[in-house]
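Residue numbers (the numbering used here): 7 to 409. Structure record follows, encoded as structure tokens.
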Amino acid sequence: MKRGNILLLIIIMLLVNSGCSNHIELNKLGIISAIAFDLDERNQWVLTFQVIIPKSTSSKTGGGSQSPVTVFSTKGKTVLEAIQKSDLETPRHLFFSHTQVIIISQRVAEFGISQILDAYLRSYESRETANVLISNIDAQNVLGILAPLENIPGNAINNLLSRQGDKQINIIQSKLHDVISTMTNPSASATLPEIKIGGETEKQNSLDALKQTRNYATLTLDRVGVFKRDKFAGWLSRKESLGIPWITDQLKRTTIVFSCEGESGSEQLSSFLVEVSHTKRRPKISNGKLFMNVEIEAKGNLIETACNLDLKKSKTLKKLEKHIQEKIKNDAEYSFQALKKMKADALGFGDAFHKFYPQEWKKLSMNWENEFTEIKMDVKVNATIRRTGMIDDSFSKISGKKE
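This is the structure we're talking about:
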């Protein structure tokens, strides 16, 4: 037999007889959909795991008598010790690669999350696309809330964030890889969306809650937590956070509600659905002072109006576009001022100056927190109403004509 044939035969035999020495059968895995990090009164780590129950989730109707998930907690002096103690709590090996949501309590955030990030960076099972959120209560309480429209509660939280492109609301989203990247940048500040519980938490933990037409408790997104390095620095209100996606070019889709009379105020309101947006930023240093020019472009449709205006006229549309531009500009400036008060660059301005002025950055980076507060930001917005819908006038104007 030729030598080549012998080698080929050996390779085939090796492939046939080889196997995974460290493989684990699927029915021995506990697939984690969400994980929460807390600290107890002795500053021990409390890790809470939301584990999927396959037999329950396989029912498409979701009307079974068993919960789709089980939730349990472990404690440890370190994150890894708490994870290892899970072997004493569950007969299955915990599988982290399908984790969609990571929730951190405010107490943990104030203590510092470097140990959490270290554990995820070292683990081959970690999922860098998991959404990271912060809660102002014990994070473990969030994982116990059942969601009527989703079999798996972790999926419900994930969809609140991940499907923002399908929605019409301005949402800040933070993936694990984004958080790690930002927190290793000395000049940048990370932001995490807040997940909160509204209503009667205890009742929504039971399967009986899913048999009701109204929820006892709901999970909602609210404020934004700001970090300096790996520690919590403070909260931005919903209003204070609206301008961040505009400035950072992270906005996918949103609805802007504005007054028919612009910022002067009016009880008559209109809604503008932003379907396309783009932001250009250009830093500038002049006479030792820092400037940031921000150009925002927004295109979309007028989807609602109570304004008594003739929308067939181009000057009317121009007037409405001006009001939209004022609203976007004010949101951007409001967020910027809030971040300046916190001395937290969650806008990536430091990276922009580093890119355009590498030599000057060497000095700026040494005192960036204070340098950031001295930046003068100039915002220019160009808004375009592409369509106004099936009718040219508001319904109030049409009904007024008929009277």
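Even for Gly, the Cβ is constructed at its ideal location relative to N, Cα and C.
Residue i to residue j span [Cα, whole Å]
| i | j | result |
| --- | --- | --- |
| residue 300 | residue 386 | 6 Å |
| residue 99 | residue 56 | 13 Å |
| residue 164 | residue 204 | 18 Å |
| residue 296 | residue 288 | 11 Å |
| residue 367 | residue 150 | 47 Å |
| residue 187 | residue 318 | 49 Å |
| residue 293 | residue 148 | 51 Å |
| residue 38 | residue 103 | 8 Å |
| residue 373 | residue 364 | 15 Å |
| residue 107 | residue 143 | 16 Å |
| residue 35 | residue 78 | 15 Å |
| residue 337 | residue 245 | 8 Å |
| residue 280 | residue 155 | 27 Å |
| residue 45 | residue 85 | 10 Å |
| residue 376 | residue 357 | 15 Å |
| residue 40 | residue 391 | 41 Å |
| residue 238 | residue 176 | 22 Å |
| residue 359 | residue 323 | 37 Å |
| residue 401 | residue 49 | 60 Å |
| residue 298 | residue 286 | 10 Å |
| residue 405 | residue 139 | 47 Å |
| residue 229 | residue 196 | 14 Å |
| residue 190 | residue 235 | 7 Å |
| residue 53 | residue 81 | 6 Å |
| residue 132 | residue 126 | 6 Å |
| residue 212 | residue 76 | With a pLDDT of 48 at residue 212, under the threshold of 50, the predicted position of this residue should be treated as unreliable, though the coordinate-derived value follows. For residue 212 and residue 76, the distance between alpha carbons rounds to 12 Å. |
Proximal residues to residue i (C-beta, below 7 Å), its chain only, five neighbours per side dropped
| i | result |
| --- | --- |
| residue 354 | 194 and 254 |
| residue 284 | 255 and 303 |
| residue 291 | 363 and 366 |
Range covered by the beta strand (DSSP E) that runs through residue i
| i | result |
| --- | --- |
| residue 162 | From DSSP, residue 162 is part of no beta strand (DSSP E) but of the alpha helix (DSSP H) over 159-168. |
| residue 285 | 275-292 |
| residue 141 | 137-141 |
| residue 188 | Residue 188 -> not in any beta strand (DSSP E); alpha helix (DSSP H) instead, spanning 182-189. |
| residue 308 | 295-311 |
Bridge partner(s) assigned by DSSP for residue i
| i | result |
| --- | --- |
| residue 74 | None, per the DSSP bridge assignment. |
| residue 497 | Here the chain covers residues 7 to 409 and nothing more, so residue 497 does not appear. |
| residue 399 | 316 |
| residue 342 | BP columns for residue 342 are empty, so no partner. |
| residue 241 | 231 |
Residues of its chain near residue i, where Cβ-Cβ distance is below 8 Å and the 5 sequence neighbours each way are ignored
| i | result |
| --- | --- |
| residue 398 | 316, 317 and 318 |
| residue 66 | Confidence in residue 66 is poor, its pLDDT being 49 and thus under 50, which makes the residue's placement unreliable; the coordinate value appears in the next sentence. Cβ neighbours of residue 66 beyond the five flanking positions: none. |
| residue 183 | 134 and 135 |
| residue 309 | 261, 277, 278, 279 and 395 |
Contact set for residue i: own chain, Cβ-Cβ below 6 Å, skip 5 residues either direction
| i | result |
| --- | --- |
| residue 27 | Confidence at residue 27 is low in this model, with a pLDDT of 48, below 50, so its placement is unreliable and the value that follows should be read with caution. Around residue 27: no qualifying Cβ. |
| residue 378 | 351 |
| residue 112 | 142 |
| residue 274 | 266, 312 and 313 |
Buried or exposed by the 16-neighbour rule on C-beta atoms within 10 Å, applied to residue i
| i | result |
| --- | --- |
| residue 251 | buried |
| residue 160 | buried |
| residue 361 | exposed |
| residue 395 | exposed |
| residue 200 | buried |
| residue 243 | exposed |
| residue 74 | buried |
beta-carbon residue i near the ligand PLP non-hydrogen atom, thresh 7 Å
| i | result |
| --- | --- |
| residue 154 | Ligands displayed in this structure: none; no statement on the ligand PLP is therefore possible. |
Where the alpha helix (DSSP H) through residue i begins and ends
| i | result |
| --- | --- |
| residue 375 | 374-379 |
| residue 384 | Not the alpha helix (DSSP H): residue 384 falls in the beta strand (DSSP E), residues 382-393. |
| residue 150 | Where residue 150 is concerned, there is no enclosing alpha helix (DSSP H), given that its DSSP letter is neither H nor E. |
| residue 246 | 244-247 |
| residue 356 | 355-362 |
| residue 86 | 85-90 |
| residue 112 | 112-117 |
| residue 121 | 120-128 |
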